[in-house]
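Keeping their order, the protein sequence lines are chains A and B.
Per the working numbering, the first sequence starts with residue 1, numbered consecutively.
Per the working numbering, the second sequence starts with residue 1001, numbered consecutively.
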Amino acid sequence: MTTTDTTETTPVIPLPARVATVLTGLGAAATAGSALMSWTWTSEFPGDLTYFGSPAGLQWLALTAGLLTLVLLLGTQGVPGLRWAAPARTNNAVLYAATGAFAVGWFSVIAIAVDLGGLANLEPGGWVLGAGSLLTLAGALGLPLDRRTHVPLKVLNWRLFLIKPIAWIAYAGAAAIPEDKPVAPVLTALTAGAVIAGTAVLLVQAGHLVNHWLRLGTVPRPLPAPRELPSLVEVLLIVAAFGIGLFAITFGIDTEYGELFIGYLLLAGSVGAALGKSGLVPRLRALTVKYRSVTTGAAFAAAASFPFTQSSDQYTSVAANILIFATVALGLNIVVGLAGLLDLGYVAFLGVGAYAAALVSGSPASPIHVQFPFWAAMLTGAVVSMVFGVIIGAPTLRLRGDYLAIVTLGFGEIFRITMLNLNGTTGPKITNGSNGIPRIPDLNILGWDLGKPTNLFGIELGRFSNYYLLMLLVTALVVLVFARVGNSRIGRAWVAIREDETAAEAMGINGFRLKLLAFALGACLAGLAGTVQAHVSYTVTPDQYTFAEALPPNSAFLLAAVILGGMGTISGPLAGATLLFLVPKKLEFLSDYQLLAFGIALIVLMRVRPEGLIPNRRQQLEFHEATIPAQPAGDAAALTKAGA
Amino acid sequence: MTTTDAPAATTAKPILEVSGVTMRFGGLTAVNDVSLTVGEGEIIGLIGPNGAGKTTFFNCLTGLYVPTEGRVAYRGTVLPPKPHLVTQAGIARTFQNIRLFANMTVLENVLVGRHSRTKEGLFSAILRGPGYHRAEAASRARAMELLEFTGLADKAEHLARNLPYGEQRKLEIARALASDPGLLLLDEPTAGMNPQETRAAEELVFAIRDRGISILVIEHDMRFIFNLCDRTAVLVQGQKIVEGDRETVQNDERVITAYLGAPLEGTTASEDTQ
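Following this line, the structure appears as structure tokens:
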């Protein structure tokens, strides 16, 4: 790998720039326009795409993709009035948006054809969509793009290509074994796995080919200084951005069928990439750094207004569970992201908090017949969890690295099995074993019964909305704790331990004590979330707190949320947890292949964005040092405060 | 003159007293019965061929290793065998292979060095009262002052890993100084430096001494050692064979033998050649 990477600005498909621009524009307009036409003749396809002039479901996505491509294209061309959309002036942003339009368009066309059985089910609108989105992509590939001059073609070891045909033959052989033989299902599963691995090899090679062909890169050009705006306008821009963010996330949570959610993910990914490239996201980030408190306020206001956008409690329960999951992930981020302690049994602390709250909730199944008021129950959950954190941490934290991970994994399972065994037959009767503690009454905070619908500002909020709002307060508390502790003497000591424990101790840091503190604080915050979780889900059972399972929260998903989102940041685990909760929830129709798809998605993400979705500045520097120019000191100072 | 083990008379008040430190790893004796005294405001050198046990000796002083035998006392009190308590007591160190917190900024590295001299705990950090802000501001001011002193102030917000090699060495020293030590242990501070950088490091060491901090330094660069040090001790195969000023060390047969080998026909490093 040479460091003297040279770049150029050339099209991938040799077209005159003007022709390419016109083609892209026409294609984008056609894509957007097709949303107003009917795509199919029957309302059997989910979302009912049969109307003229009234977009629904996937059509909204196509409309968004088309318009965004158009706006970015015109902005990059420097059309007055739209220049704000593309301050970085690079056609790569247009290409990403066009890719989104193409992905949404062709996914829709193929989904209609597959679901309804044939291309004959497409109305003219569907054909316009397919042709328009293809034209958009082709046109965008003809625009002058920022590219590297040379990307060598990587070819995988030829032996890997043999996996697929051999696996197919083996799979056919396994299928031929009579089903009554006990080895038959095992062999079938093994060979099917090998076939999938073979496909993965082909996909990786295809990725290398595309990369070799496109050679996309970054031509370093400084972002022009932003126009001076009155601070009120800048604040309003932040508020507007969070409003749009709320709308986008609400759209994702509210998607009613798998096709729409996949389309949404395709669009969200490409729009994110396009806005990042166009320079809008860096602009916005600069603004949020400038107005920290406004940003925090706007973020929580946007989150708090979510239940008010919902007409029923169907999706607020999802949102409440996302918040629980995200809060626990943020707690884990203290342990993993700041102190660098790989904890594979973290979900146990959520369980401890939930069980503690359930036992003092006044549930008829609890052997302790007491009903603590809300604040006392929360305190109990948090404190008991913290005590468990110390008890488990004290012996295990003497280990480092992989050993710690294994031991915490073991303790996580010990918690679950202990809860199973405290059932009256294999141990004292405390937790009812696998039946768990059911019928946990709803919380009552100062006369506000969270179980009953509340009427607020003329909008009726259901049970889950109430819990969502309560949980949001807990999340806010955890965010506050994380932000303040992370950027303090204690937080610095944690990061120092993560970076080099020996050197940290030589600087006067009591490594064991601070690691125990991180463990206890993380456990305490997870326990806090657990107390709310017990009430939200009515029942606590040991099975909710396993290491790995198809649905979050479990230790594996928590860790994935932290790593996927970005270690050491606040918004990272929140975003990662939201995504990891929604994806399995919305892709339930994939059933058996859900975990497989999930695993593949994780591998792909780790490959292209190892620092996570929202990295902190440190990690971004760590992984992409060459591509990020050194920042001026003032800016960097502001970012450091934001990051850690 | 046969055994020059008796240290050259030092008038300064002793700050570090090491007596009979022995470190064994299983059957291997890495440090064997070494005694050393560092006086207030002194610069003491520690030299010896590779593998002589210099760094092991350092680790015994800083609590990284617990010596098998012997006693290490700082300002009259025996040091506890825990690195963070040793730093708390007032001994700071740098490492032979640079061990910065690579993904923290330069300023943050020095702030970590302030850890043992500040008290703000978890609740103080969460509540952020006036006391917290005062302590944090004082830490930052002190850290910036040290960066100023080592000439790194304009790089305060750079990541430590992005500093050039020489500046990383300086940062390690600034970080060690942040704990307000009375004694600074430098483990090969000029390894890999060119002559100009070495001269700059010499200046820095003198400047540190002028702040009233005693220094014990391991080095291979003889010119550096003899320019700097009031006394020099030579460690060979875990044993201190000589200690004294420049003349004493340079003229000692055993030192020459250890570095250059014994003359072919001569009696092996015999005592009475002089």
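The beta carbon of each residue, even a glycine, is placed where N, CA and C say it ideally should be.
Contact with chain A by residue i, beta-carbon distance below 8 Å
i: Gln1168 of chain B; result: no
i: Ser1179 of chain B; result: yes
i: Asn951 of chain B; result: Outside the shown range of chain B, which is 1001 to 1274, sits residue 951 of chain B, and nothing can be said about it.
i: Thr1055 of chain B; result: no
i: His1084 of chain B; result: yes
i: Arg1211 of chain B; result: no
i: Gln1088 of chain B; result: yes
i: Thr1257 of chain B; result: no
i: Ser1116 of chain B; result: yes
i: Phe1095 of chain B; result: yes
i: Glu1203 of chain B; result: no
i: Thr1150 of chain B; result: no
Proximity winner among the options, relative to residue i (alpha-carbon distances)
i: Val328 of chain A; options: A:Leu521, A:Pro584, A:Glu123 and A:Gly410; result: A:Leu521
i: Ile1213 of chain B; options: B:Arg1075, B:Pro1083 and B:Lys1082; result: B:Arg1075
i: Ser34 of chain A; options: A:Thr454, A:Pro124, A:Glu259 and A:Leu72; result: A:Pro124
i: Ala405 of chain A; options: A:Leu422, A:Leu341 and A:Gly458; result: A:Leu341
i: Leu86 of chain A; options: A:Leu284, A:Phe300 and A:Tyr257; result: Here residue 86 of chain A is Ala; the residue named in the question, Leu, does not match the sequence. Checked all of A:Leu284, A:Phe300 and A:Tyr257; the closest Cα to Ala86 of chain A is A:Leu284.
i: Ile322 of chain A; options: A:Val201, A:Leu558, A:Leu49 and A:Gly53; result: A:Leu558
i: Thr569 of chain A; options: A:Val352, A:Arg398 and A:Val495; result: A:Val495
i: Pro1083 of chain B; options: A:Val532, A:Ile509 and A:Ile490; result: A:Ile509
i: Phe482 of chain A; options: A:Arg227, A:Gln59 and A:Leu330; result: A:Leu330
i: Ala192 of chain A; options: A:Leu63, A:Glu228, A:Lys164 and A:Ser465; result: A:Lys164
i: Ala1174 of chain B; options: B:Arg1199, B:Ala1207 and B:Gln1196; result: B:Ala1207
C-alpha gap between residue i and residue j, whole angstroms
i: Leu469 of chain A; j: Ser305 of chain A; result: 9 Å
i: Ala273 of chain A; j: Leu137 of chain A; result: 15 Å
i: Val114 of chain A; j: Pro55 of chain A; result: 21 Å
i: Ser363 of chain A; j: His369 of chain A; result: 8 Å
i: Phe1025 of chain B; j: Asn1032 of chain B; result: 11 Å
i: Glu1108 of chain B; j: Thr426 of chain A; result: 53 Å
i: Phe388 of chain A; j: Ala556 of chain A; result: 20 Å
i: Pro14 of chain A; j: Ala93 of chain A; result: 19 Å
i: Leu237 of chain A; j: Gln77 of chain A; result: 23 Å
i: Leu332 of chain A; j: Phe325 of chain A; result: 11 Å
i: Pro307 of chain A; j: Ala597 of chain A; result: 30 Å
i: Phe247 of chain A; j: Ile253 of chain A; result: 10 Å
i: Ile1256 of chain B; j: Thr1248 of chain B; result: 12 Å
i: Ala98 of chain A; j: Ile262 of chain A; result: 17 Å
i: Leu61 of chain A; j: Val390 of chain A; result: 49 Å
i: Leu153 of chain A; j: Leu209 of chain A; result: 7 Å
i: Val195 of chain A; j: Gly572 of chain A; result: 34 Å
Beta strand (DSSP E) segment containing residue i, residue limits
i: Tyr1074 of chain B; result: Glu1069 to Tyr1074
i: Gly1045 of chain B; result: Ile1043 to Ile1047
i: Thr7 of chain A; result: Thr7 to Thr10
i: Leu1216 of chain B; result: Ser1214 to Ile1218
i: Ser34 of chain A; result: Element bounds for Ser34 of chain A: not the beta strand (DSSP E) but the alpha helix (DSSP H), Ala17 to Ser34.
For residue j and residue i, believed in contact at Cβ under 8 Å, the rounded distance
i: Gly100 of chain A; j: Gly132 of chain A; result: In fact, because the Cβ distance is near 13 Å, the residues do not count as touching under 8 Å.
i: Leu1185 of chain B; j: Leu1100 of chain B; result: Contact doesn't hold; Cβ gap of about 16 Å is too wide.
i: Gly259 of chain A; j: Pro46 of chain A; result: This sequence places Glu at residue 259 of chain A; Gly is not what is there. Glu259 of chain A to Pro46 of chain A, Cβ: 6 Å. Contact.
i: Leu73 of chain A; j: Ala32 of chain A; result: At roughly 12 Å, the Cβ-Cβ gap does not stay under 8 Å, so Leu73 of chain A and Ala32 of chain A are not in contact.
i: Arg439 of chain A; j: Tyr593 of chain A; result: In fact, because the Cβ distance is near 36 Å, the residues do not count as touching under 8 Å.
i: Leu156 of chain A; j: Pro11 of chain A; result: Contact doesn't hold; Cβ gap of about 29 Å is too wide.
i: Leu49 of chain A; j: Gln59 of chain A; result: 6 Å
Contact with chain B by residue i, beta-carbon distance below 8 Å
i: Glu256 of chain A; result: no
i: Lys641 of chain A; result: Note that Lys641 of chain A scores a pLDDT of 35, beneath 50, so its modelled location is shaky; the value from the coordinates is reported in the next line. Taking Cβ atoms only, chain B never reaches closer than 8 Å to Lys641 of chain A, which makes this a no.
i: Pro11 of chain A; result: no
i: Ser488 of chain A; result: yes
i: Gly389 of chain A; result: no
i: Arg463 of chain A; result: no
i: Ile110 of chain A; result: no
i: Ile563 of chain A; result: no
i: Leu517 of chain A; result: yes
i: Asp343 of chain A; result: no
i: Ile459 of chain A; result: no
i: Gly646 of chain A; result: No statement about residue 646 of chain A is possible, as the shown extent of chain A runs from 1 to 644 and does not include it.
Any non-hydrogen atom of the ligand NAP closer than 7 Å to residue i Cβ
i: Phe52 of chain A; result: Annotation note on the ligand NAP: not contained in the displayed structure, which lists no ligands.
Terminal residues of the alpha helix (DSSP H) in which residue i lies
i: Ile163 of chain A; result: Ile163 to Ala176
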